[in-house]
Structure formats: C-alpha cells, structure tokens
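*Asks:*
Residue numbers (this note's numbering): 932 to 1338.
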C-alpha cells in the first residue's frame, strides 16, 4: 500500500469529488447523468457519509475537497489511500490492489482523475475536472464501472491527527540514591512554572490557516485570469421540413472580454463536450480571420466526445464562433459555458424562429448561476458576479419543436 504519511495534489480534485458526491446524492445538478446511474451506484445523503466510507473525518474531507472552489487551499492534500478509495467506491479502480498496478492504472486508464500518486508529477500535469467528468459519463454509458468496497486501515482513520498539536511534554521524575548531607546545606529550589502549550499551537494554527486563505483569495482576485462573456445564439434556422424531420443547426458567437490577465496569456483553451454521438461542432476563431480551429481530441476518450480548442487573445478579446449540429433537438434545452478562467459576468442573447418562444426557465448550475441568472427582456439572460471556474449551464423549456416528428 502507498504510504499514508505523504500527500498528493489532485488537479481540481474538489470539483471532481463534489461532482461524484452529487451523483451519489442523485441531485438536481446532475439530472442528465442520473439517467445513466446503475442500481448498484453508491448512495450518500451527506458529505459526512462519504467521508466515513473513505475512513476519514468530516473535517479532513472538507479540507481536502471544499464545497466552494475559492475555499481550496493547497495546504490540504489527501493521501493516496483516499484517492484509491474514491476510485473503489465510484467504480473506476483497477482489478488488483498491487502498487505497480495502481501506478499504471492512473497513468494509462484514469489520468483524468490524477496521472499518478507522485505529488510532483501531478503538479506538472494538468487533469481538469471537465475531462474527468466526460470520461466518467462515458464509463457510465458503457457500463464499464465496477463498484468495490473501500479499504480502510487504522492509518487512514487517524490521518487528520497529524495536524493536531503535539501533547505538552510531561516531566519525568528522576530516581536516584539519596545522599545524606548536613541539614544546613539542604536547599529546596522553587518549582519551575509550567505553561500549557495547546493555546499557543491553536492560535498559531489559526493564524497560519488564515494567512493561507488570505493568500489564496488575494491570488484569485488579483492575478488569476478573469473574463466577462457575451454569448449570442442564433436559433433561427431550427425548423421541421415538410415530412416533420428536424433541421438542427445553431450558430453561437462568443465575445470574451479579458478583464484580468496579469501574466499576459496570448491563448485561451476552451473545451467542447459532445455528450451524445449525434452531436457535432465546428469552431472558427474570429480573431484569426475566421480560420477554422483544429480540435485536439481527449486522450481519455477516443469517440470524439471531448475536444479542446486553442483560441487567440487579441486586444483583450477572445471571439470564437461555434456551429453546432443536432445538439439542440429536445423540448428542454439550454446553453453551457465550459469551465476555464474565472467567469465574472455572463450575458446570453438568443434569436428564436419566428413564432417560437421560451416557455419556462429551468434550474441553472452551479448554485451561484441559479441565484444570479435572471431574464432580461424576451430574448436575453443576464448573470452578474458569478466568479466561478466551473461549467455554467442555463436551462429552459421551449416550443421550437412543437409539431415535429419524434419530438
């Protein structure tokens, strides 16, 4: 077994684990994935239930995988046993528990969760949460997950104790041979005052954690790239032909305004998640004279379900054009902005076919989007102050396909 004393970095691990927990809770935020869950999929009502299954204390689990992205602190990294137990519980562990099998498994089968159990390697190789989600959805669809019970050792159960202050030293009595001395030379020294050490350690720990959190917050709001997005969607060509068959082609024009780019990044990587086999997308970079962007296919998915596109940053703007085919054919649809740099404000403007309307807005994700996103007029949705790196999904019901065959 890997040593429980070392800790490892899992890129965007808090997003991955919280998403797996949402699946286990059958939450509304994962409504699409719930349809794929097998009967034997784990069921956890609270995060403390998952922490218990992992053999960890709830406070340690919350430190490793905080609920809010801005609470992520690199001081808190789980040991390898926790990553292995997550893989066992959620079905993506190898058939053997030999250390060399695990090493090859992470590197070749599930690098999207983490590429290795070596902290330095994980820090050098990115493993974004969106890539893991896409691979896991595909595994659900293919029914290739094998759910196994976790292996909880006594070391795992006391992981968090490593952060507790050491007990104050207890003075030991010294035994010796008593030597008779003249009474007038016997002097009894005053007792040395002893002070409890735990308040000092506690105050030091609180100050240390507060400084770390302040540093992380300062980094996020000062240096991390931040964008505003105005998305314009042209649904006007959605229609049924004379035989009732759907013509589903949608044009999306994105205009990212980079409001913070301390390190002057010249490109921005965006991921397209093609969740169904019928979906297809072509991407053009309007900052490069409208040239077509060559997609980089995910190494973890060979069926063209996840594509990365490198876009040019010019004059503090990123301007891709997306042409989606057969991706908006349901009575309940929406639009998604995949994760990346911090997204501050989002505006979605859309044009529908003549005589068609959005009948009702659905539940948006993540929770900050549900709270902030509001309609602005008949054909616009505005989401201010999101400050999120997660994928934002806007959902609605519409009557675009009323009267079509196979609605």
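Just so it is clear, CB atoms sit at the ideal spot from N, CA and C, and this is done for glycine as well.
All figures in this text were calculated on a predicted structure; none of them were measured in a lab.
Express the C-alpha separation of residue 1175 and residue 999 in angstroms, rounding to a whole number.
*Replies:* Walking along the chain shown from the start, residue 999 turns up at place 68. Walking along the chain shown from the start, residue 1175 turns up at place 244. Each residue's Cα considered, the two are about 46 Å apart.
*Asks:* Where DSSP assigns a beta bridge to residue 1159, which residues make up the other side?
*Replies:* Residue 1159 sits at position 228 when you count from the first residue of the chain shown. Residue 1159 pairs with 1188.
*Asks:* Would you mind listing the alpha helix (DSSP H) stretches within the region 995-1038 that are 4+ residues and don't spill past its ends, in chain order?
*Replies:* List check, alpha helix (DSSP H) in window: 1011-1020 and 1030-1035.
*Asks:* With a Cβ-Cβ cutoff of 8 Å, do residue 1159 and residue 1188 count as a contact?
*Replies:* One-based indexing of the chain shown puts residue 1159 at position 228. One-based indexing of the chain shown puts residue 1188 at position 257. In contact: residue 1159 and residue 1188 (Cβ atoms closer than 8 Å).
*Asks:* Report back the beta-carbon spacing between residue 1060 and residue 947 to the nearest angstrom; my notes put them in contact at under 8 Å.
*Replies:* Sequence index remark: in the chain shown, residue 1060 carries index 129 (1-based). Sequence index remark: in the chain shown, residue 947 carries index 16 (1-based). Confirmed, Cβ separation roughly 5 Å.
*Asks:* Contact defined as beta carbons within less than 8 Å: I believe residue 1214 pairs with residue 1224. What is the distance between those atoms, to the nearest angstrom?
*Replies:* In the chain shown, residue 1214 corresponds to position 283, counting from 1. In the chain shown, residue 1224 corresponds to position 293, counting from 1. Contact holds; Cβ gap of about 4 Å.
*Asks:* Looking only at C-alpha atoms, which of 1013, 1219, 1066 and 1183 sits nearest to residue 1343?
*Replies:* Given a span of 932 to 1338 for the chain in the structure shown, any question on residue 1343 remains unanswerable.
*Asks:* Do residue 1325 and residue 1289 come within 8 Å of each other at the CB atom, strictly closer than that value?
*Replies:* On the chain shown, residue 1289 is found 358 positions in, with the first residue counted as 1. On the chain shown, residue 1325 is found 394 positions in, with the first residue counted as 1. No. Outside cutoff.
*Asks:* Residues in its own chain within less than 7 Å of residue 1209 by CB, not counting five upstream and five downstream?
*Replies:* In the chain shown, counting from the first residue as 1, residue 1209 sits at position 278. Here the set comprises 1257.
*Asks:* Under DSSP, the beta strand (DSSP E) around residue 1265 begins and ends at which residues?
*Replies:* Taking the first residue of the chain shown as position 1, residue 1265 is located at position 334. 1263-1268 is the extent of the beta strand (DSSP E) around residue 1265.
*Asks:* How big is the Cα-Cα spacing for residue 975 and residue 1079?
*Replies:* The residue you call residue 975 lines up with position 44 of the chain shown. The residue you call residue 1079 lines up with position 148 of the chain shown. So the alpha carbons of these two residues sit roughly 15 Å apart.
*Asks:* Classify residue 1041 as buried or exposed, calling it buried when 16 or more other Cβ atoms lie within 10 Å of its own Cβ.
*Replies:* For the purposes of this step, residue 1041 is taken as the residue at position 110 of the chain shown. By the neighbour-count rule (16 or more Cβ atoms within 10 Å), residue 1041 is buried.
*Asks:* On the three-state DSSP scale, how would you describe residue 1051?
*Replies:* Here residue 1051 corresponds to residue number 120 of the chain shown, with the count starting at 1. In the structure shown, residue 1051 sits in a helix (DSSP, three-state: H, G or I).
*Asks:* Less than 8 Å separating the beta-carbons of residue 951 and residue 1021?
*Replies:* If you number the chain shown from 1, residue 951 lands on position 20. If you number the chain shown from 1, residue 1021 lands on position 90. Contact: yes.
*Asks:* On the DSSP letters alone, give me the boundaries of the beta strand (DSSP E) that residue 1313 sits inside.
*Replies:* Sequence index remark: in the chain shown, residue 1313 carries index 382 (1-based). Residues 1311-1314.
*Asks:* Let me know the secondary structure DSSP gives residue 1325 once reduced to three states.
*Replies:* Residue mapping note: residue 1325 aligns to position 394 of the chain shown, counting from 1. Reduced to three states, the DSSP call for residue 1325 is strand.
*Asks:* In chain order, which continuous runs of the alpha helix (DSSP H) of length 4 or greater are located wholly inside the region 1169-1221?
*Replies:* The region 1169-1221 contains no whole alpha helix (DSSP H) run of 4 or more residues.
*Asks:* Would you be able to state if there are at least three C-beta pairs under 8 Å between the region 1291-1304 and the region 1128-1143?
*Replies:* Segments in contact, no.
*Asks:* Within the chosen definition, does the region 955-974 reach the region 1067-1084 through at least 3 CB pairs nearer than 8 Å?
*Replies:* Verdict: yes, contact present.
*Asks:* I need the DSSP call for residue 966, collapsed to helix, strand or coil.
*Replies:* If you number the chain shown from 1, residue 966 lands on position 35. The answer is coil: DSSP assigns residue 966 none of H, G, I, E or B.
*Asks:* Reducing DSSP to helix, strand and coil, say where residue 1138 ends up.
*Replies:* Translated into positions along the chain shown, residue 1138 becomes position 207. Residue 1138: helix per DSSP, three-state reduction.
*Asks:* What residue from 1054, 1238, 1077 and 963 has the CA that sits closest to residue 1204's CA?
*Replies:* The residue you call residue 1204 lines up with position 273 of the chain shown. Ranking the options by Cα distance to residue 1204, first place goes to 1238.
*Asks:* For residue 974, which of helix, strand or coil comes out of DSSP?
*Replies:* What you label residue 974 is simply residue 43 of the chain shown in a count that begins at 1. Residue 974: coil per DSSP, three-state reduction.
*Asks:* From the DSSP output, in three-state form, read off residue 1066 for me.
*Replies:* Numbered from 1 along the chain shown, position 135 holds the residue referred to as residue 1066. Correct three-state label for residue 1066: helix.
*Asks:* One question on the structure: do residue 1218 and residue 1191 come within less than 8 Å of each other, judged by their Cβ atoms?
*Replies:* For this step, residue 1218 is matched to residue 287 along the chain shown. For this step, residue 1191 is matched to residue 260 along the chain shown. It is not a contact, given that the beta carbons lie outside the stated cut-off.
*Asks:* If you scan the region 1266-1307 from start to end, which runs of the alpha helix (DSSP H) of 4 or more residues do you find wholly inside it?
*Replies:* Here the runs fully enclosed are 1298-1303.
*Asks:* Using the rule of at least 16 other Cβ atoms within 10 Å of the residue's Cβ for burial, across every protein chain shown, is residue 1201 buried or exposed?
*Replies:* Residue 1201 sits at position 270 when you count from the first residue of the chain shown. By the 10 Å Cβ count, residue 1201 comes out buried.
*Asks:* List the whole-angstrom C-beta distance separating residue 1236 from residue 984, where the pair is believed to meet the contact cut-off of C-beta under 8 Å.
*Replies:* Reading the chain shown from its first residue, position 305 is the one you call residue 1236. Reading the chain shown from its first residue, position 53 is the one you call residue 984. That belief does not hold up - the Cβ atoms of residue 1236 and residue 984 are roughly 29 Å apart, past 8 Å.
*Asks:* Between the Cα of residue 1198 and those of 1245, 1173 and 1186, spot the shortest distance and give me the residue it belongs to.
*Replies:* The residue you call residue 1198 lines up with position 267 of the chain shown. Residue 1245 is the option with its Cα nearest to residue 1198.
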